[in-house]
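K.L.:
This is the structure I want to talk about, given as structure tokens.
Residue numbers (this note's numbering): 2 to 292.
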């Protein structure tokens, strides 16, 4: 009995070809555990990690490809082009993005973030005041150089005073795994305030501040605001609010069916492809065929 017990518990040193310990059985026959799978070659590990990284960043890579295609094939995405982008993209692609968002986002999350006053204050102050002030400061510093045209700097100031875009914010937040509901509520509020705040920032605060910029201010800078408000609200209503409301209604009526379709067919990915269509449309090469 003693010899059997000793034989069962005696550990032998690892063999020359194995990194595992061997255990002697009661009949002194060594029992070798199964060896671990061989380590993958270095080149295969690098290729696997590189492929996974590129797959995660597919949207950024696709954006670069779309810009390149828009440069070589501007007739596809330009206004009045093959796809009539002023309607199919401006309204159609944006509407699809928000229809998918309405189908995928629970209504209670939208209500929760709509009541988040702290979120709205931080986002809107950053968007309209902090960002526009930084852009204006850069423009003033660049205005000292004779090699930069003032008209470009005026456009730079106007860009900094604009609200954040709805489409790209929603798609990028979803791609990054962020809170899409919070983003949608914030950017929608920002675009509602934008037609009122942006013209005031440009025409009353920034451009009159310096003589070089003031000469680019039209005499009737604020005279056409009612028409601007109508156009903006009409476009946002058709392409943002109506599709979002339809998506929420459909989700509320057929919740389980919608969740099944969203999960099975990865409905959220459709918004990414619509964003690529928007990039093709707004790309300079797509809007101006002579570039």
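Where a beta carbon is used, it is the ideal one built from N, C-alpha and C, also for glycine.
So within the region 37 to 91, which uninterrupted alpha helix (DSSP H) runs reach at least 4 residues, ignoring any that extend past its ends?
P.N.:
DSSP runs (the alpha helix (DSSP H)) wholly in the region 37 to 91: 43 to 57, 59 to 73, 75 to 78.
K.L.:
Please give the ranges of any alpha helix (DSSP H) in the region 151 to 194, keeping only runs that are unbroken, at least 4 residues long and fully inside the region.
P.N.:
Segments of the alpha helix (DSSP H) lying fully in the region 151 to 194: 151 to 162, 167 to 176.
K.L.:
Determine contact between the region 127 to 142 and the region 202 to 213, defined as no fewer than three beta-carbon pairs at a distance below 8 Å.
P.N.:
Taking 8 Å as the limit for Cβ pairs, the verdict is that the region 202 to 213 does touch the region 127 to 142.
K.L.:
Alpha carbon to alpha carbon, how far is residue 280 from residue 40?
P.N.:
Their backbone Cα atoms lie some 43 Å apart in a straight line.
K.L.:
Got a sec? Which residues, its chain only, sit under 6 Å from residue 188 by beta carbon, not counting five neighbours each side?
P.N.:
So the list reads 165, 167, 170, once near-sequence residues are dropped.
K.L.:
Under a Cβ-count criterion, where at least 16 other Cβ atoms within 10 Å of its own Cβ denotes burial, should residue 57 be classed as buried or exposed?
P.N.:
Exposed is the call here.
K.L.:
In this structure, how does DSSP classify residue 216 when only helix, strand and coil are distinguished?
P.N.:
Coil at residue 216, not helix or strand.
K.L.:
Is the shortest distance between the beta-carbon of residue 141 and the beta-carbons of chain C less than 8 Å?
P.N.:
Of the chains in the structure shown, none is chain C; there is only one protein chain.
K.L.:
By how many angstroms is the C-alpha of residue 158 removed from the C-alpha of residue 269?
P.N.:
Whole-angstrom Cα-Cα distance: 34 Å.
K.L.:
Kindly indicate which three-state DSSP category residue 208 falls into: helix, strand or coil?
P.N.:
Helix.
K.L.:
Just to confirm, are residue 233 and residue 104 a CB contact at a threshold of 8 Å?
P.N.:
It is not a contact, given that the beta carbons lie outside the stated cut-off.
K.L.:
Can you give the Cα-Cα distance for residue 182 and residue 275, rounded to whole angstroms?
P.N.:
C-alpha separation (whole angstroms): 19 Å.
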